[in-house]
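A short worksheet on the structure shown next.
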Amino acid sequence: MKRLFLFLIGILFISIPISVGAQSRPSNVAKEDSTLQALKIKLKNLNRRLQKLEEKQQKAELQRLLQEAETAAVQKPKALPKTKVFRGGQRALQAINPEMSVTGDFLSHYIFESPHHYGDERSGSNFRVLGIHFRSDLDPFSYTKIAVEIHPESAELGEAYAVWSGEIPGVSFTAGKFRQQFGVVNRWHAHSLDQIFFPLAIQELFGEEGLNQTGFSMDWDVPRISPVTQYLTLQLTNGQNDNLFSGKFYSAPALLGHLKNYYDLTRNAYIELGLTGMIGQNHAANFDSLHPSLFKNVDSAPGHQTLVGGADFTYFWEPVNRAHYKNFLWRTEVYYVKKNLPQQKELTALGGYSYIQRKLSERWVVGLRGDWTQPFQLDNSGKSIYQIVPYVTWWQSHWVRMRFEFQHRNGTGFNKAQNRAWLQITWAAGPHKHERY
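Residue numbers for the sequence shown, in the numbering used here: 4 to 440.
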């Protein structure tokens, strides 16, 4: 009994704390839940107050920016203090100097017919011309170009002209001495030709150096109203050409008109078609000086009319992104001259040329030109001169070029054909290398 009593007392003591703890836990949990709920309510109220403050601050900032913008729109900007800048142009004087280029043109040839070691025309080498070229921008509206040709025996002014552009949209004006825009090739300098010499028709009808006269020129880029782009050139010059006009004895003006039509066939090819007409006067005094045996004791007062016409065609193919490596060119020109002379005589002559040229690689170019012309003389019906000119050009670099050319010439009045082999070496120094004009 004693043991049982002690056991019951022990169980009683153990169960009392458990029951006390069980009774006290719900009250503590209730207190914690009420505290957490109060904190959540306070946090929610704080978030609302913060959001309202941010909205008020944004509205105030926007209002301030609007007021500043209105104030700035009304008020004039304050002038910034001017700073005096001192400049010295001593080191910039070279900027007003003209750009200068020098071109050398050396020829060597062999005559196949004997004898070929003496006389005016013989095998050997000669320095054809040293060209000194100047270019300078005179002001924002005009620039000038000058070409001086120095030969072993003499020097002469090749070209000297000024160009004005921009005053009238699409129109430029030129004044001075210049190679005329009769067709295509006549405008180029000799050292920049695709062959060594001008075509035979130009040499025979216009003279060895072609048409190069003094006067005025107007070039107009005609507004485009069709797929064809047109370019019109009008030139008024002194009639100084010995073959066609009055030379140095009589200075009657000559008028030239050239219309170029350009059309893109594809993204790699285009064609050009040009028409040229020229009218001027020739004088009996000049003709007497050139042909004294034909006209003697002729009144030199009246002038006589000279008409010249021409047409040119160019086809050019060059693949996009491969222009440095290959292209193909076909160019043809024809010329016609009608020159009224004293004693109701009339000199007419027809001539032309055609050539194809193929660029094989970055440095190698091959071509073939054919020339045909009537001699520039009276009673030339049934008379003609023709020439075949194959050539190969090798570009050592952009500054140095070498060309080998063979010429076979024959025609009416030739006892035998003329055959010539030519080597041309041209080099250039300066910013305008091998410039055509």
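For every residue, glycine included, the Cβ atom is placed at its ideal position computed from N, Cα and C.
Inter-segment contact for the segment 361-381 and the segment 215-225 is absent: fewer than three beta-carbon pairs are separated by less than 8 Å. Counting of Cβ neighbours within 10 angstroms places residue 334 among the buried residues, the total reaching 16 or more. Under the three-pair Cβ rule at 8 Å, the segment 97-116 counts as touching the segment 416-435. Taking 7 Å as the cut-off, the Cβ atoms of residue 201 and residue 167 do not count as close. In this model, residue 280 and residue 319 are separated by some 24 Å (Cα to Cα).
Apart from sequence neighbours up to five positions away, the residues of its chain that approach residue 316 with a beta-carbon distance below 6 Å are 276, 335, ordered along the chain.
Per the coordinates, the alpha-carbon of residue 227 lies some 35 Å from the alpha-carbon of residue 368. A straight line joining the alpha-carbon of residue 322 with that of residue 190 spans about 26 Å.
Contact between residue 352 and residue 340 holds, with the beta-carbon distance rounding to 5 Å and staying under 8 Å.
Per the Cβ contact rule, the segment 236-256 is in contact with the segment 176-186 (3 or more Cβ pairs under 8 Å). Leaving aside the five residues that flank residue 273 on each side, the residues in its chain whose CB is nearer than 7 Å to its CB run, in chain order, 265, 266, 267, 319.
Short of 6 Å from the beta carbon of residue 362, and not among the five residues preceding or following it, lie these beta carbons of its own chain, in chain order: 329, 330, 368. Contact between residue 398 and residue 366 is confirmed by a C-beta separation of about 5 Å, below the 8 Å threshold.
With fewer than 16 neighbouring CB atoms inside 10 Å of its own CB, residue 43 falls in the exposed class. For the pair residue 165 and residue 150, the CB atoms are not nearer than the 7 Å cut-off. DSSP, read as helix, strand or coil, puts residue 246 in coil. Residue environment: residue 249 is assigned as buried (16 or more neighbouring CB atoms within 10 Å of its CB, all protein chains considered).
Distance from the CA of residue 127 to the CA of residue 113, rounded to the nearest whole angstrom, comes to 7 Å. Counting along the chain, residue 359 sits inside the beta strand (DSSP E) bounded by residues 348-362.
Residue 54 and residue 40 have their C-alpha atoms spaced approximately 22 Å apart. Residue 324 carries a coil assignment under DSSP once its states are collapsed to helix, strand and coil. Sequence-distant Cβ neighbours of residue 348 in its own chain, meaning closer than 7 Å and more than five residues away, are 381. At the C-beta level, residue 372 and residue 198 come within 7 Å of one another.
Secondary structure note for residue 207: it is in no beta strand (DSSP E), and the uninterrupted alpha helix (DSSP H) holding it is 203-208. Less than 7 Å separates the beta-carbon of residue 154 from that of residue 132.
Here residue 343 is actually not in contact with residue 401; their C-beta atoms are around 48 Å apart, not less than 8 Å. Rounded to whole angstroms, the gap between the alpha carbons of residue 196 and residue 406 is 11 Å. DSSP places residue 366 outside both helix and strand once states are collapsed to three, so it counts as coil. Closest option to residue 255, judged by alpha-carbon separation, among 230, 263, 282: 282. As the crow flies, the alpha-carbon of residue 332 is around 59 Å from that of residue 87. Under DSSP, residue 140 takes part in a beta bridge, and its partners are 146.
With respect to residue 246, residue 213 sits apart: the two C-beta atoms are not nearer than 7 Å. Assigned with DSSP and collapsed to three states, residue 48 falls in helix. Here residue 131 carries a strand assignment [DSSP, helix/strand/coil].
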